[in-house]
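Keeping their order, the protein sequence lines are chains A and B. So in the numbering used here, spot 38 of the first sequence is number 38, and the numbers just go up one at a time. So in the numbering used here, spot 50 of the second sequence is number 1050, and the numbers just go up one at a time. Quick reminder that beta carbons are idealized off the backbone N, C-alpha and C, glycines included. Please read the structure below before turning to the comments.
2 protein chains.
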Amino acid sequence: MNIQHVILGFLTEKPMSGYDIKQMMENSVAYFFDASYGAIYPALKRMEKEAFIEKEVVQQEGKPNKNLYVITNRGKEEFLSYMESPLNPTLIRSDLLIRIFFGRYTSKENITSWLKKEEQKAKNQLEHLNQINEKYPNMDSFKKMTLLYGIDSAQFTLKWIENELAKLRKGDE
Amino acid sequence: MNIQHVILGFLTEKPMSGYDIKQMMENSVAYFFDASYGAIYPALKRMEKEAFIEKEVVQQEGKPNKNLYVITNRGKEEFLSYMESPLNPTLIRSDLLIRIFFGRYTSKENITSWLKKEEQKAKNQLEHLNQINEKYPNMDSFKKMTLLYGIDSAQFTLKWIENELAKLRKGDE
DNA sequence: CGGACCATGTAAGTCGTTACATGATTGC
DNA sequence: GCAATCATGTAACGACTTACATGGTCCG
């Protein structure tokens, strides 16, 4: 899986611009797949060359022009073929856990502050996902499935952090 | 954070070879930080040039020679400075969740098989971490903290998968 | 005798990030 | 007037992964 497949997935649902795609990702898959504009725009160009998608320039009032991309039949085939290809393993890279792993080489204050930062992030994440859940009640069952995973895992993370923070405070007594 | 910092962390604890480092990672941080030999060996060379580490060739009987790397004071400083630097966000890239997100474009059989594969992985992971936990009772509290996180999160994943598999089976009735 | 483990390394290619560059409009 | 939002794009660089290359020992 790479960014091309994810973009093709979104364009299968409806035509979008690079900007739209980025917004869409932020509101849906960002917590398990993230991409920057520097990755999205070149990918769209590549895919246009390969005839997976077609560009349509849309004039807008009071806003810059927009490059709307429409998926072609070739693009749909490519996407469906990805959906049949072997599953790739999940990639995780956590600076927080690496630092805790080597925690004896730093101060308790540092560890506490890292945990608190992560706690805040998890809280924001949870709030964000709950809002999405309320705002779009007609999501299909698969999108709902990943959304609920996001909510549950944010809650799991939150509980873990709170528990560890409590342990660290106990160690101070 | 990059591979250099993680290697310096391990070498702070004791001298090791590239091969040792890879084994060590597999038994400790692999579920939140992974690295291939193709990343480890070049990193060791770079760090030797930068005088963060020093090489010591060790003759072995019945085994190939080993390049044991020892951390220098400069290397220790570099590592400690990393431990004081701003925390980087966690990176997650899940092919499974992307495919479920776009699940309406594939078959239930596919989704079920992906979930079962992931279930098996989580079970193996859980068993592996439990073995590590029993095998090394004298881990410092920080290493134990990350290990228990690994165990808890594997259990969380497992429960989620089992729940989703049950839902999919219900949908068949 | 074959597979697993021990052990090191390189080269080509992939895939991405960050920073830079530009510029209009809307709302406070 | 300033920040945020809308909108697109490139260039330099970083940081890997995969595949290739090599070869010895141990165990069943």
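- For ILE92 (chain A), the nearest CB of chain B lies under 7 angstroms from its own CB, placing it at the interface with that chain.
- When DSSP states are grouped into helix, strand and coil, TYR1069 (chain B) belongs to the strand group.
- Of the candidates A:PHE33, A:ILE3, A:LEU80, A:GLN131, the residue whose Cα lies closest to the Cα of ARG46 (chain A) is A:ILE3.
- Taking a beta-carbon distance threshold of 7 angstroms, LYS143 (chain A) counts as an interface residue toward chain B.
- Taking one beta carbon from each stretch, the stretch 120–136 of chain A and the stretch 1004–1015 of chain B have fewer than 3 pairs nearer than 8 angstroms; the two do not touch.
- Annotation: ALA1043 (chain B) to GLN1155 (chain B) spans about 34 angstroms, alpha carbon to alpha carbon.
- If you check the CB distance, THR1090 (chain B) and SER94 (chain A) come in under 7 angstroms.
- Using beta-carbon distances, LEU97 (chain A) counts as an interface residue toward chain B, with a partner under 7 angstroms.
- Counting C-beta pairs with one atom in each stretch, the stretch 162–172 of chain A and the stretch 111–126 of chain A have three or more that are closer than 8 angstroms, which means they touch.
- Listed as beta-bridge partners of ILE92 (chain A) by DSSP are B:ILE1092.
- If you draw a straight line from the Cα of LYS1123 (chain B) to the Cα of MET1001 (chain B), it is about 29 angstroms long.
- Separation of the CB atoms of GLU78 (chain A) and LEU158 (chain A) is rounded to 39 angstroms, and the pair is thereby denied contact status at 8 angstroms.
- In terms of Cβ geometry, THR1146 (chain B) and ILE100 (chain A) form a close pair [threshold 7 angstroms].
- Look at the stretch 1013–1066 of chain B and you find these whole runs of beta strand (DSSP E), each 3 residues long or longer: 1053–1058.
- The Cβ of THR106 (chain A) sits closer than 7 angstroms to at least one Cβ of chain B.
- In the three-state DSSP reduction, GLU173 (chain A) falls in the coil class, being neither helix nor strand.
- The beta carbon of ALA1039 (chain B) lies closer than 8 angstroms to those of ILE1003 in the same chain, with the five residues before and after it left out.
- In the DSSP assignment, ASN1110 (chain B) falls within the alpha helix (DSSP H) that extends over 1108–1135.
- ALA51 (chain A) is classed as exposed because its beta carbon has fewer than 16 other beta carbons within 10 Å across all chains shown.
- From the beta-carbon of ASP140 (chain A), the residues of chain B found nearer than 7 angstroms are ARG1104.
- In summary, GLY62 (chain A) is exposed, with fewer than 16 beta-carbon neighbours lying within 10 Å of its beta-carbon over all protein chains present.
- Counting other Cβ atoms within 10 Å of its Cβ, VAL1006 (chain B) reaches 16 or more and is therefore classed as buried.
- Rounded to the nearest angstrom, the gap between the Cα atoms of GLN1059 (chain B) and LEU1096 (chain B) is 45 angstroms.
- Taking 7 angstroms as the CB threshold, ASN88 (chain A) lines the interface with chain B.
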